[in-house]
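Undergrad:
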Amino acid sequence: MLITLAPDYVPSDDEEFMNPMQVEYFRQRLLRWRHDLLMEANGTLASLSEGGILEPDITDRASVETDRALELRTRDRARKLIGKIDQAMARIEGGTYGYCEETGEPIGLKRLMARPIATLSIEAQERHERQERIQRDD
2 MLITLAPDYV PSDDEEFMNP MQVEYFRQRL LRWRHDLLME ANGTLASLSE GGILEPDITD
62 RASVETDRAL ELRTRDRARK LIGKIDQAMA RIEGGTYGYC EETGEPIGLK RLMARPIATL
122 SIEAQERHER QERIQRDD
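At position 87 of the sequence shown the residue is numbered 88 (my numbering), and the sequence of numbers has no breaks.
This is the structure in structure tokens:
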């Protein structure tokens with residue numbers, strides 16, 4: 002089923018949760034986010050393949066190396082994020098997007114707007130984080 006969204010459409014709590022319009026909104030948002038991350042990654046690859054570090058000054062060379070290391074860490078985070086976006090897209094296809102993986106309850110529009118790749122409701126996420134802190138403290 003093809004759904005066309007109005008350009009100014011924003012999901013609202015007045016609608017049925019995860020109705021076809023909301024699902025399409027989040028699908029498009031995730032696809033745009035994924036596309037932007039891939040474009041940034043391509044730019045990084047282009048800049049890194051421009052050759053070696055030609056700075057004659059050792060301080061300048063160290064600065065360039067630090068910048069490259071930071072860029073590679075950023076790209077690694079983006080790679081992991083793309084994986085999470087792909088998982089969210091699979092949940093959309095499977096009809097489970099927007100629902101907590103632990104409880105099956107709706108995650109909530111505000112949380113999904115802030116973090117479209119969320120898999121847990123706020124309550125479940127807080128329980129999970131408390132459990133991690135307890136385990137870390139042991």
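Each residue gets a CB set at the ideal place from its N, CA and C atoms; glycine is no exception. Everything numeric in this text was worked out from a predicted model, so none of it was measured.
(1) Can you check whether the CB of Leu-31 is closer than 9 Å to the CB of Met-114?
(2) Can you tell me whether Pro-107 is helix, strand or coil according to DSSP?
(3) Put Tyr-10 into one of helix, strand or coil per three-state DSSP.
(4) Within 10 angstroms of the Cβ of Ser-64, are there 16 or more other Cβ atoms? Answer buried if so, exposed if not.
(5) Rounded to whole angstroms, what is the Cα-Cα separation between Leu-82 and Arg-76?
(6) Using the beta-carbon count (16 or more within 10 Å), is Thr-60 buried or exposed?
(7) Give the secondary structure of Tyr-98 by DSSP, where H, G and I count as helix, E and B as strand, and everything else as coil.
TA: Looking at the atomic coordinates:
(1) Going by C-beta atoms, Met-114 is not nearer than 9 Å to Leu-31.
(2) Three-state DSSP puts Pro-107 in a strand.
(3) Residue state, collapsed to three classes: coil.
(4) With a 10 Å radius around the Cβ and a threshold of 16 neighbouring Cβ atoms, Ser-64 comes out exposed.
(5) Roughly 10 Å separates the two Cα atoms.
(6) Thr-60 is exposed by the Cβ-count criterion.
(7) Tyr-98: coil per DSSP, three-state reduction.
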